[in-house]
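Q:
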Amino acid sequence: MDNYAFHRSQKTKKLIEFVACQLLFLSLYSPDLNPIEKLLAHMKRWVTNQINQFDKLYEAIAVFFQILFSC
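In case it helps, the working numbering puts the sequence shown at residues -8 to 62.
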């Protein structure tokens, strides 16, 4: 798990241990091990290259996700 505050909470720990699993945390900053970082980097690259086609940033982000989920 990454080190978000809710991942470190006692409630989360108890829920995970209740199903006989063990908590393993990533190092404090390890973007190569966190898939969301790769997705966000890809999205930033795509939006940067396509932003001139849109009036608003949120429109570009919406199209990115439409393309992503249409595959």
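Ideal placement from N, C-alpha and C gives every residue a C-beta, glycine not left out.
Going by beta-carbon coordinates alone, are Trp37 and Phe60 separated by less than 8 Å?
A: Taking the sequence shown and counting its residues from 1, the one referred to as residue 37 is at position 46. Taking the sequence shown and counting its residues from 1, the one referred to as residue 60 is at position 69. Not closer than 8 Å, so no.
Q: Mapping DSSP to helix, strand and coil, what is Leu15?
A: Taking the sequence shown and counting its residues from 1, the one referred to as residue 15 is at position 24. Coil at Leu15, not helix or strand.
Q: In the DSSP assignment, find the unbroken alpha helix (DSSP H) run with Ala32 in it and report its ends.
A: The residue given as residue 32 occupies position 41 in the sequence shown. Residues 26 to 41.
Q: Distance, Cα to Cα, Ile42 vs Pro26?
A: Indexing the sequence shown from 1 puts residue 42 at position 51. Indexing the sequence shown from 1 puts residue 26 at position 35. Pro26 has its alpha-carbon roughly 24 Å from the corresponding atom of Ile42.
Q: Between Leu24 and Leu17, how many whole angstroms is the CB-CB distance? I'm expecting something under 8 Å.
A: Here the question's residue 24 lines up with position 33 in the sequence shown. Here the question's residue 17 lines up with position 26 in the sequence shown. 5 Å between Cβ atoms; contact.
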